[in-house]
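Quick note on numbering: our numbering labels position 5 of the sequence shown as 68, and the sequence is numbered without any gaps. The beta-carbon is built from N, C-alpha and C at its ideal position, and this holds for glycine as well. Fair warning: this is a prediction, and the values are worked out from it, not measured in the lab.
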Amino acid sequence: MHVYRISSKGQVTVPKEVRECLELKEGDYITFGIEDGRVFIDKVQLVHGDLSHKSD
């Protein structure tokens, strides 16, 4: 485990091991969650296009 510093803007670099594990690349989206006092991140899979016609 490594220690990282949070910038004055609340930013932190996602460690290389985490980026590789989640297959993250520049421009990807992630979400943060808290469960039982622990923080986790997940990669977000965005759906492109208009899916409103699928609601029928």
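Per DSSP, cross-strand counterpart(s) of residue i
i	result
residue 107	92
residue 101	98
Extent of the continuous alpha helix (DSSP H) to which residue i belongs
i	result
residue 82	79-85
CB of residue i within 8 angstroms of CB of residue j, strictly
i	j	result
residue 105	residue 93	yes
residue 75	residue 69	yes
Any C-beta of chain D under 8 angstroms from that of residue i
i	result
residue 97	Of the chains in the structure shown, none is chain D; there is only one protein chain.
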